[in-house]
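Since the structure comes first, as structure tokens, the remarks are kept for the end.
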Amino acid sequence: MLVLARKRDQSIMIGDNVEIVVVDIHGDQIKLGIKAPRHVAVHRKEVYEEVQKENIRAAGTKTAEVSKLDLLLKKKIENKRKID
Numbered sequence: 082m083l084v085l086a087r088k089r090d091q092s093i094m095i096g097d098n099v100e101i102v103v104v105d106i107h108g109d110q111i112k113l114g115i116k117a118p119r120h121v122a123v124h125r126k127e128v129y130e131e132v133q134k135e136n137i138r139a140a141g142t143k144t145a146e147v148s149k150l151d152l153l154l155k156k157k158i159e160n161k162r163k164i165d
């Protein structure tokens with residue numbers, strides 16, 4: 082694991098097109114801004130893990146049910162990005 086120290090308004094680059102910026106710091110909590118192309122999925126780890134669990138569970142369901150789940154997940158992610 083690479084560990085970096087950054088201050089507010091400083092950033093790191095991942096590859097050529099993903100930038101992570103330290104937006105704010107309050108005590109032991111930091112707020113990050115992530116600039117990435119739309120085709121790059123960005124999730125909090127707990128959301129990613131839930132998506133993986135749902136994918137495994139949904140693997141045995143009908144295609145129509147999987148499509149509905151995909152739509153709901155995309156809406157949830159869009160709403161979360163608007164809030165953050």
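Going left to right, the sequence shown walks through residues 82 to 165 as the numbering used here numbers them. Ideal placement from N, C-alpha and C gives every residue a C-beta, glycine not left out. All of these numbers come straight from a predicted model, not from anything done at the bench.
Taking DSSP's pairing of strands, which residues face residue i in a bridge?
| i | result |
| --- | --- |
| isoleucine 95 | Val99 |
| histidine 120 | Histidine 120 pairs with nothing; no bridge assigned. |
| isoleucine 158 | Its beta-bridge partners do not exist; DSSP assigns none. |
| aspartate 151 | Paired residues: none, contrary to the question. |
I need the boundaries of the alpha helix (DSSP H) containing residue i, first residue and last residue.
| i | result |
| --- | --- |
| lysine 126 | 126 to 139 |
Please list the terminal residues of the continuous beta strand (DSSP E) segment that includes residue i.
| i | result |
| --- | --- |
| leucine 113 | 110 to 116 |
Establish whether the CB of residue i and some CB of chain C are separated by less than 8 Å.
| i | result |
| --- | --- |
| isoleucine 93 | Here chain C cannot be found, since the structure has a single protein chain. |
Within a Cβ cutoff of 6 Å, which residues of the same chain sit near residue i, ignoring the five residues on either side of it in sequence?
| i | result |
| --- | --- |
| lysine 116 | Glu100 |
| valine 147 | Ala139 |
Within a Cβ cutoff of 7 Å, which residues of the same chain sit near residue i, ignoring the five residues on either side of it in sequence?
| i | result |
| --- | --- |
| arginine 87 | Ile93 and Val103 |
| leucine 85 | Ile93 |
Once you ignore the five residues that flank residue i on each side, which residues in its own chain have a CB closer than 8 Å to its CB?
| i | result |
| --- | --- |
| valine 121 | Asn98 and Val99 |
Cβ pair count under 8 Å reaching 3, the segment 102 to 109 against the segment 123 to 131: The segment 102 to 109 and the segment 123 to 131 do not touch, with fewer than 3 CB-CB distances between them shorter than 8 Å.
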